[in-house]
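The sequence shown maps to residues 1 to 93 in our numbering.
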Amino acid sequence: AYTSNLYMVGPAARVDISGRTGLVAKDYDQLVTVTPKISETLPLIGALALTSPQIGAAILFVQKIMEPQINKATQTRYNITGPWTAPNVVKLK
């Protein structure tokens, strides 16, 4: 079975999966991209640090402007291959 657009979204990250899952051979050949939702924690960091309202507003502004770049910069990609019982997971650069 092949997929090119499988994704899961949770409170902490988005996970995109493309590639092959061998139903007969019971193996994987997939590329997985994990994008943490780092940018969504920036206002929380500001509140936890007990900053002034001006700093909180600046953090929110930066978050909205920089969100795509922040999310892309924090992405991690993995190549998953091998049998279901012992998959080989390699972090890509």
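Backbone N, C-alpha and C fix where the C-beta goes; we use that ideal spot for every residue, glycine too.
Margin query: Comparing C-alpha positions only, which one of P68, V34, G82 sits nearest to L92?
Written below: V34
Notebook entry, point to check: Taking the beta strand (DSSP E) that G22 falls in, what are its first and last residues?
Noted result: 13-22
Next item on the list: Check whether the Cβ atoms of I80 and Y7 sit closer than 8 Å, and answer yes or no.
Entry: No, these two residues do not count as a Cβ contact at 8 Å.
Check: Hey, how far is the Cα of Q69 from the Cα of A86?
Finding: 34 Å
Note to self: Using C-beta distances below 6 Å, list every residue in its chain close to R77, excluding the 5 sequence neighbours before and after it, in chain order.
What the structure shows: T33, L92
Margin query: Just list the residues that DSSP pairs T74 with in beta bridges.
Written below: According to DSSP, T74 bridges with nothing at all.
Checklist line | Best match in P83, V9, V89, N88 for proximity to L23 [C-alpha to C-alpha] | finding: P83
Check: What are the start and end residues of the beta strand (DSSP E) that includes K91?
Finding: 88-92
Item checked: Selection from N88, P11, A58 that minimises the alpha carbon distance to P36 -> P11
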